[in-house]
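If you count the sequence shown from 1, you need to add 16 to reach my numbering.
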Amino acid sequence: MKAETFIGLRYLWNSRRTRFLSVITMICILGIAIGVAALIAVQSIMDGLQNKMRATVLGAKTHALVTTESGKLEDYAYKMEKLASNPEIAGITPVISRDVIISVSDELNGLVINGIDPATVGNAMLFPQQIQTGSLSCMENPDNCPEIIEKRKSVREFTGRKEGEIKRENLPGIAIGVELAKYYGIGMGDKVKIISPTGEMSLAGPKTQIKTFQVAAIFFSSLYEYDFNYAYITLANAQNFFSAGESIDYLGIKLKDMKRVDEAEKAILADLGTGIVVKNWRDMNRPLFSALEMEKIVWFLIIGFIALVASFNIVSALIMLVMGKKEEIAILRAGGYSAKSVMKIFMLDGIIIGFFGTLLGGIFGTVVCLILSDMPLKVAQDVYYIEKIPVDMSPLTFIAAIAGSLFLTVIAAVYPGRKAAKLSPAEALRQD
């Protein structure tokens, strides 16, 4: 062990004149530990919330969409075939998406209705997995849906009517979210009216289209906005209702790696040529994810000040140590120790405090994250459906917190070390 290391450890843990110094040392270590633990815990929660929101939003939509500047995509089957061999793409589905009005018991609300292809929608969207009641086959053929048949049977038993008295109306099926179903108090087999202000063109302009659908599926997307404002019908029904013919609005794309959106966009444009517009998940959800990212940065800065304050504790503790060791520093200098060696002694003390505080903070942060990950959360559950605190322990978060803490402690140890190195031996001994 080098002499500087031995003296530094002795000063850190043993002191005849200032026995409270070891207590101050422990306070400094705990201050760093609390700052690092808080930083890791808060950033892990923010990462968890961001990832959960991203998964929820992208589950309701697709990673990218392919359309044209006019918003009308013709010959989509040929384009799907061309894109099927693209190495960046995991799934493709045709979609018609329009703003409509839903009417139940003469109460109106705005709605986004998506026409989806039951055969391919599961390749690019999570919608089939989100259906809680009913199914895709019920949407295609509601009259043969077991849940609707069971409901008609219960209606017959309740009203005492015979089976032939309740006619099958052959209404097309629609899937609505749990929140919309709850708001209107409707369920499987109930009727809703869909009103589209942009229907077939006539001499007086576009006709208002009104069509009655029956609820054939109820889905739960884990986000209130989608469960209240979104609905799904089959692509064939959408093309018929909106008079779209054989065209669609866009092709929904699921990427193999959602982070490679730029590479995927270039590959899609290369496959389909000019006149094609590609929008990715970052463009479509920029306000939401930008807000989450800004919130994450703000919290990082706020909690980072805790570690900064703790580093000032190291400065004050080391300065007190230097002031209490003036005569010993003078003896070391008189005995042949250079100013650089003296500086090393006190910088070593600061680095040791920072190292153990950071190590303890990393352990505390991990334990806190593990505890919080199983903790139930009741706040805003009706909007975000978050039953537990979302925690995602990213290695980058740990690296950033630990590296930042060590950097601050090293910087904090420089000033006391330089102050000790500049101490004049003759002046210190004369004062003593």
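Heads up, the beta-carbon is just placed ideally off N, CA and C, and yes, glycines get one too.
Note that the structure is a prediction, hence the values are computed from the model and not measured.
Check: Taking contact to mean 3 or more Cβ pairs, one atom from each stretch, closer than 8 Å, check whether the segment 63-74 and the segment 245-257 are in contact.; Outcome: no
Check: When DSSP labels each residue in this structure, what does S115 get in the three-state scheme?; Outcome: Per the sequence shown, the amino acid found at residue 115 is Asp instead of Ser. Note: D115 maps to strand in three-state DSSP.
Check: Decide yes or no for the touch test of the segment 129-138 against the segment 161-168: beta carbon pairs closer than 8 Å, at least 3 of them.; Outcome: no
Check: Under 8 Å: do the segment 37-53 and the segment 319-336 share three or more Cβ pairs, one atom per stretch?; Outcome: yes
Check: Between E403 and P411, is the Cβ-Cβ spacing less than 8 Å?; Outcome: no
Check: May I ask you to list the residues that DSSP assigns as paired with Y248?; Outcome: N130, A191
Check: Since I56 contacts A417 with CB under 8 Å, what's their CB separation in whole angstroms?; Outcome: 5 Å
Check: So, with DSSP's three-state summary, where would you put S153?; Outcome: helix
Check: When we look at the beta-carbon of K282 and count the other beta-carbons within 10 Å, is it buried (16 or more) or exposed?; Outcome: exposed
Check: Starting from S212, follow its DSSP beta bridges and name the residues at the other end.; Outcome: Q225
Check: From this set, G268, Y200, I405, which residue's C-alpha is nearest S121's C-alpha?; Outcome: Y200
Check: Tell me, please, whether the segment 255-265 touches the segment 87-97 by the rule of three or more beta-carbon pairs shorter than 8 Å.; Outcome: yes
Check: To the nearest angstrom, report how far apart E181 and I405 are at their CA atoms.; Outcome: The pLDDT assigned to E181 is 48, lower than 50, so where the model puts this residue is not dependable; a value taken from the coordinates is nonetheless given after this. Between E181 and I405, the C-alpha separation is close to 52 Å.
Check: Is D408 near D115, with beta carbons less than 8 Å apart?; Outcome: no
Check: For S332, count the other beta carbons within 10 Å of its own beta carbon; 16 or more makes it buried, fewer makes it exposed. Which is it?; Outcome: exposed
Check: Please name the residue, chosen from V231, N102, F371, that lies closest to I147 on a Cα-to-Cα basis.; Outcome: V231
Check: Would you decide whether Q145 is buried or exposed? Buried here means 16 or more other CB atoms lie within 10 Å of its CB.; Outcome: exposed
Check: Name the DSSP beta bridge partners of E123, please?; Outcome: V120
Check: Can you tell me which of L424, E195, L364, P110 puts its alpha carbon nearest to the alpha carbon of K270?; Outcome: P110
Check: Roughly how many whole angstroms lie between the Cα atoms of T72 and M141?; Outcome: 11 Å
Check: Can you say whether G47 is buried or exposed, counting buried as having 16 or more other CB atoms within 10 angstroms of its CB?; Outcome: buried
Check: For I378 and R276, what's the separation of their Cα atoms in angstroms?; Outcome: It is Gly, not Ile, that sits at residue 378 in the sequence shown. Roughly 32 Å separates the two Cα atoms.
Check: Look up N301 in the DSSP assignment and say whether it is helix, strand or coil.; Outcome: coil
Check: Quick one: grab the DSSP three-state call for L271.; Outcome: strand
Check: What are the boundary residues of the alpha helix (DSSP H) that includes N139?; Outcome: 137-140
Check: Determine which residues share a DSSP beta bridge with K207 and list them.; Outcome: Q230
Check: Just to confirm the assignment, what range does the alpha helix (DSSP H) spanning L99 have?; Outcome: 92-99
Check: Taking A466 as part of the alpha helix (DSSP H), name the residues at either end of that continuous run.; Outcome: Here the chain has residues from 17 to 448 only, and residue 466 is not among them.
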